[in-house]
Amino acid sequence: MGLTGIQIFKLLPKTNCGECGVPTCLAFAMNLASGKAELAKCPYVSEEAKEKLATESAPPIRPLTIGTGEYAVKVGGETVLFRHEKTFVNPPGFAVLVSTDEDEASVSGKIDRFKKAQYDRVGLKLRAEMFAIKDANGDAAKFCALAKKISETGASMVFISESVDVMTAAADSFKDKKPLLHGATAANVEAFGNLAKAAECPVAVKGDGSLKSVIALTEKLTAMGLKDIVIDTGTRELKKAFEEQILIRRSALKDRFRPLGFPTIVMANEMGDGLMEEALVAATFVAKYGAVIVMSDLQPHVIFPLLLERLNIYTDPQRPMTAEQGIYPINNPDENSPVLVTCNFSLTYFIVSGEIEGSRVPSWLCVQDTEGLSVMTAWAAGKFSGESVGSFINKCGIKDKVKHKNIIIPGYAAGISGELEEELGAGWTISVGPREASQIPKYLKSLKA
Amino acid sequence: MTFQPSKQVYSGKIREVTLGIGDKAVTIGGKGVFSFHSFEGSIPNPPRIAMEVWDKDPSEDWSAAAKAPFSDVLSDPAAWARKCVDAYGAEIIVVQTKSADPNGDNRAAAEVAATVKKVVDAVDVPVIVWGVANHEKDVDVLKQVAENCSGKRAALCPVEEGDYKQIGAACLGYKQVAVASSPIDVNLAKQLNILLGNLGVSQDDLIIDPTTGGLGYGLEYTYSVMERIVQAALTQEDDKLQQPIIANVANETWKCKESNLSAEDAPELGDPTKRGVLMEAITAVDLLIAGADVVVMRHPEAVKLVKKYIAKMM
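Following this line, the structure appears as structure tokens:
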């Protein structure tokens, strides 16, 4: 990633032996730089060059995975400061805190809400994926019992304790679940480094509220051979935490400053007075660079808006989100219900389906694949033409669902109505609906009257 | 390794624009660094929250959660505005002239402008008048508003490419502030600012509305356009984009489905009031981080949360 082809070339044997599959070392270097080849293909590269290339070409922010299975959270690996520069890649994990001094009913309530709060949106599943388990009194048996209960949910876990005894016992029992071990402080870093290494689990450093302390800890762990490190700066004040997140990301990307090139964990649970305030803290670090965000509780009205935010911020700006092509029944339509057709740009779909739903008029919404283009753009690009809409209507199966032969098209695509009529054949009528989705309820109600 | 925090180089700053007159006038903009980056430069004015009132009773359109705090004033825009100022500490009022919508009530321009005047007279804080994005109707309404409110330094919105000459001229003639509104695009925002400049609108009287997408409904587009505008203004010395930014948050977040579903209709989404409040507050927080200088909000609980948030971040 970091080095140019020429810089890599200088480290290669320059013998042009061709054993790597390409004729020259320069061509091989170019392939390495663009990620098309792997260094291992060169049988003659020196150990020194290997090491140098490995460090230099490593991603500026270490990618790592916390947890296993369907709830595993991949963090780090980001390459930009602003999402419009390319895209953010690994959405932060949301973690719910449970503590060993918490009563059982409270823990069970959180587990219950965690399981229930799952939402489908354009083919994606939105949900929190982690629990943070906090050691309140240094009791290893109690901690492991709580971790056992949580692990049964399948959730990824963060273990929070500064006690080497507790963490050793917990890491030993649950290392297969790849929990994040939090946290290594100046006082225990050696022992934490060793136990994380033995358990092969990612480890979080916990600073004293300064980046300097964080750097000392990550350098120490790196020297011990650990790679999967997560940063908690120790700061619990919103404004300072914001500053730190900016500086960490910037130093990692712009200066390739290795000691800060790790994903970060943010304790929103310790930074707000009540869950509503925590939500705004969490929202801040969804936008600005948190990789794991811990909250004191999970309530559907809090997690749902945060999940939407995370989805929005981590959407690839170069690839519009799309709804799946097909027929969407809204408000329990029957064979006499109106049929509307629109494009598959996800925003169009959300807004149009929302307005139809709000109108309470039973309707069929046919969503045509326009490669994520909006109605006007798709129409201008010829992807929402009489021909394409006609062939979609003919094939999608809506004809078997209704008795009538009337299709409502978006107002902005009024121009296609003639061609569409031709495409659908005799007996079909094309009605031009409103231009703006907000007028759909009024339009549908006028049809009924 | 010794650590030197990576520095962002700033070469420009956002202009200050003052809304309203007298003791309660509010100056927005002025920052020379990205939002809340006070650790590397000056942010002379905190971002502000404007509270909206409608010029018609919104009872039919609003959910129970949104109506509850205002149930006693929803049919009286002036009383509503006063309640926002007196009870909820609003520093700016936005009047949404919903009754003017030709697709809705289509109230006559003179009548709409008279209601706006009542609101302006009822409060001492600055007022922003937000039209319905119908060129013809907005021109009719906002021209009369500009005249009626002469000398108040109100802000008129949206001034769009299709009506900037008329509304821009009204702003010039009656010394009001223009809010230039463009559809989520840096270049179109810049273009409209240039056009308004050519018309004679001073950069001291100009605010950018880059169009707001609510949470789950295009927030990411607005978020990135704002970041790009602010980057161009602060790091690329793009003079034409160095204007404060406003985001019409309430209007967008409260019309989306998930903000309005009742507990019976969507038990899986939890408490409807808290959900609506957070849909609004999280949108506001994201856009403040991206670069907004003013966020237009509705629910007093959301206002309170975001106000406290801004105080902590300044």
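Protein chains in written order, with our numbering: chain A, 2 to 450; chain B, 345 to 658.
Just so it is clear, CB atoms sit at the ideal spot from N, CA and C, and this is done for glycine as well.
Check for me: the alpha helix (DSSP H) holding Gln535 (chain B) runs from which residue to which? Position 191 of the second sequence, counted from the first residue, corresponds to residue 535 (chain B). Gln535 (chain B) -> alpha helix (DSSP H) spans 530–543.
Using a Cβ-Cβ cut-off of 8 Å, state whether Asp121 (chain A) counts as contacting chain B. Position 120 of the first sequence, counting from 1, holds the residue named residue 121 (chain A). For Asp121 (chain A), the answer is no, since every Cβ of chain B falls outside 8 Å of its Cβ.
Leu127 (chain A), DSSP secondary structure in three states: Numbered from 1 along the first sequence, position 126 holds the residue referred to as residue 127 (chain A). Of the three classes helix, strand and coil, the one that applies to Leu127 (chain A) here is strand, per DSSP.
Tyr503 (chain B), enclosing beta strand (DSSP E) - first and last residue: As a first step, residue 503 (chain B) must be located in the second sequence, where it is residue number 159. The residue you asked about is not Tyr; residue 503 (chain B) is Val in the sequence shown. First-last of the beta strand (DSSP E) with Val503 (chain B): 499–503.
Using CA atoms only, rank isn't needed, just tell me which of A:Glu388, A:Gly387, A:Thr343, A:Gly398 is closest to Leu374 (chain A). Counting from 1 along the first sequence, the entry for residue 374 (chain A) is found at position 373. Comparing Cα positions, the closest option is A:Thr343.
Where does Gly364 (chain B) land, buried or exposed, given buried means 16+ other C-beta within 10 angstroms? What you label residue 364 (chain B) is simply residue 20 of the second sequence in a count that begins at 1. Flag for Gly364 (chain B) reads buried.
By DSSP, does Tyr329 (chain A) sit in helix, in strand, or in coil? Indexing the first sequence from 1 puts residue 329 (chain A) at position 328. The answer is strand: DSSP assigns Tyr329 (chain A) an E or B state.
Indicate the three-state DSSP secondary structure (helix, strand or coil) for Met2 (chain A) in the structure shown. If you number the first sequence from 1, residue 2 (chain A) lands on position 1. Per-residue confidence for Met2 (chain A) stands at a pLDDT of 45, beneath the threshold of 50, marking its modelled position as unreliable; no derived number is given.
Going by DSSP, what residues sit across from Ser364 (chain A) in a beta bridge? As a working note, residue 364 (chain A) is residue 363 in the first sequence. Answer is A:Ile331.
For Arg320 (chain A), does the count of other Cβ atoms within 10 angstroms reach 16, so buried, or fall short, so exposed? Translated into the one-based positions of the first sequence, residue 320 (chain A) becomes position 319. Classification of Arg320 (chain A): exposed, given that the 10 Å Cβ count is below 16.
Mind checking if Phe258 (chain A) is an interface residue toward chain B, Cβ cutoff 8 Å exclusive? In the first sequence, counting from the first residue as 1, residue 258 (chain A) sits at position 257. Closer than 8 Å to some Cβ of chain B, the Cβ of Phe258 (chain A) qualifies, so yes.
Would you please state the rounded distance, in angstroms, between the beta carbons of Ala283 (chain A) and Ile266 (chain A)? I believe it to be under 8 Å. Taking the first sequence and counting its residues from 1, the one referred to as residue 283 (chain A) is at position 282. Taking the first sequence and counting its residues from 1, the one referred to as residue 266 (chain A) is at position 265. In fact, because the Cβ distance is near 12 Å, the residues do not count as touching under 8 Å.
Glu581 (chain B) CB to nearest chain A CB: under 8 Å? By one-based count along the second sequence, residue 581 (chain B) stands at place 237. Cβ-Cβ to chain A under 8 Å: no for Glu581 (chain B).
Hey, which unbroken runs of the beta strand (DSSP E) at 3 residues or more fall wholly within the region 380–404 of chain A? none
Spatial distance of Glu360 (chain B) from Asp233 (chain A) (CA atoms): As a first step, residue 360 (chain B) is located in the second sequence; it is residue number 16 there, counting from the start. As a first step, residue 233 (chain A) is located in the first sequence; it is residue number 232 there, counting from the start. Going from the Cα of Glu360 (chain B) to the Cα of Asp233 (chain A) covers about 37 Å.
Which first and last residues belong to the alpha helix (DSSP H) in which Ile51 (chain A) is found? Taking the first sequence and counting its residues from 1, the one referred to as residue 51 (chain A) is at position 50. A quick correction: the sequence has Lys, not Ile, at residue 51 (chain A). Note, Lys51 (chain A): alpha helix (DSSP H), 48–58.
Identify every residue that forms a DSSP beta bridge with Trp474 (chain B). On the second sequence, residue 474 (chain B) is found 130 positions in, with the first residue counted as 1. Bridge partners of Trp474 (chain B): B:Gln440, B:Cys501.
Between which residues of its own chain and Lys487 (chain B) is the CB-CB distance below 6 Å, once the five residues before and five after are set aside? For the purposes of this step, residue 487 (chain B) is taken as residue 143 along the second sequence, with counting starting at 1. Cβ within range, chain order: Ala514.
Please name the residues in the region 195–222 of chain A whose beta-carbon is closer than 9 Å to at least one beta-carbon of chain B, in chain order. Leu212, Lys213, Ile216, Glu220
List the residues of chain A that Ala625 (chain B) touches, going by C-beta distances under 9 Å, in chain order. For this step, residue 625 (chain B) is matched to residue 281 along the second sequence. The contacting residues are Met277, Ala280, Leu281, Ala284, Pro306.
Would you say Thr316 (chain A) lies against chain B (beta-carbon separation less than 8 Å)? One-based indexing of the first sequence puts residue 316 (chain A) at position 315. Yes, Thr316 (chain A) lies at the interface with chain B (some Cβ there is under 8 Å from its Cβ).
Residue range of the unbroken beta strand (DSSP E) whose run includes Ala230 (chain A): Taking the first residue of the first sequence as position 1, residue 230 (chain A) is located at position 229. Going by the sequence as given, residue 230 (chain A) is Ile instead of Ala. Run containing Ile230 (chain A): 230–233, per the beta strand (DSSP E) assignment.
The alpha helix (DSSP H) with Asp317 (chain A) in it runs from where to where? Working through the first sequence from its first residue, we reach residue 317 (chain A) at position 316. Per DSSP, Asp317 (chain A) belongs to no alpha helix (DSSP H) and is neither H nor E.
Which class does Val647 (chain B) belong to by DSSP, given the choice of helix, strand or coil? For this step, residue 647 (chain B) is matched to residue 303 along the second sequence. In this structure, Val647 (chain B) counts as helix in the three-state DSSP scheme.
Identify each residue in the region 3–28 of chain A for which the Cβ-Cβ distance to at least one residue of chain B is less than 7 Å, and report them in chain order. none
Do you know how far the Cα of Leu539 (chain B) is from the Cα of Met296 (chain A)? Walking along the first sequence from the start, residue 296 (chain A) turns up at place 295. Walking along the second sequence from the start, residue 539 (chain B) turns up at place 195. Spanning the two alpha carbons is a distance of roughly 48 Å.
Between Ile394 (chain A) and chain B, is there a C-beta pair that is closer than 8 Å? Here residue 394 (chain A) corresponds to residue number 393 of the first sequence, with the count starting at 1. Answer no: the Cβ-Cβ gap between Ile394 (chain A) and chain B never drops below 8 Å.
Own chain, CB closer than 6 Å to Ala423 (chain B), minus 5 neighbours either side, in chain order: For the purposes of this step, residue 423 (chain B) is identified with residue 79 of the second sequence, where counting begins at 1. Closer than 6 Å at Cβ, skipping near neighbours: Val417.
Near Lys411 (chain B), which residues of its chain fall below 7 Å by C-beta distance, leaving aside the five closest residues on each side in sequence? Within the second sequence, the letter at position 67 stands for residue 411 (chain B). Excluding residues within five positions, the ones whose Cβ falls inside 7 Å are Ser403, Leu418.
Phe313 (chain A) CB to nearest chain B CB: under 8 Å? Your numbering for residue 313 (chain A) matches position 312 in the first sequence. Rather than Phe, the amino acid found at residue 313 (chain A) in this sequence is Asn. Output row for Asn313 (chain A): interface = yes.
When DSSP labels each residue in this structure, what does Leu550 (chain B) get in the three-state scheme? One-based indexing of the second sequence puts residue 550 (chain B) at position 206. Strand, per DSSP.
Through-space distance from Leu227 (chain A) to Val23 (chain A), alpha-carbon basis: In the first sequence, residue 23 (chain A) corresponds to position 22, counting from 1. In the first sequence, residue 227 (chain A) corresponds to position 226, counting from 1. Approximately 35 Å, taken between the alpha carbons.
Can you list, in chain order, the residues of its chain with a C-beta nearer than 7 Å to that of Lys446 (chain A)? Leave out the 5 residues immediately preceding and following it. Working through the first sequence from its first residue, we reach residue 446 (chain A) at position 445. Contacts found: Ser360, Val362.
For Leu239 (chain A), go through chain B and note every residue whose CB falls closer than 7 Å to its CB, in chain order. The sequence position of residue 239 (chain A) within the first sequence is 238, counting from 1. Neighbours of Leu239 (chain A) on chain B, chain order: Lys656, Met657.
Which value, in whole angstroms, describes the spacing of the CA atoms of Glu86 (chain A) and Tyr432 (chain B)? Mapped onto the first sequence, residue 86 (chain A) falls at position 85. Mapped onto the second sequence, residue 432 (chain B) falls at position 88. Rounded to the nearest angstrom, the two C-alpha atoms are 39 Å apart.
Within its chain, find whatever has a CB closer than 7 Å to the CB of Glu271 (chain A); leave out the 5 residues flanking it on each side and keep chain order. As a position in the first sequence, residue 271 (chain A) is number 270, starting the count at 1. Excluding sequence neighbours, Glu271 (chain A) sits near Arg237.
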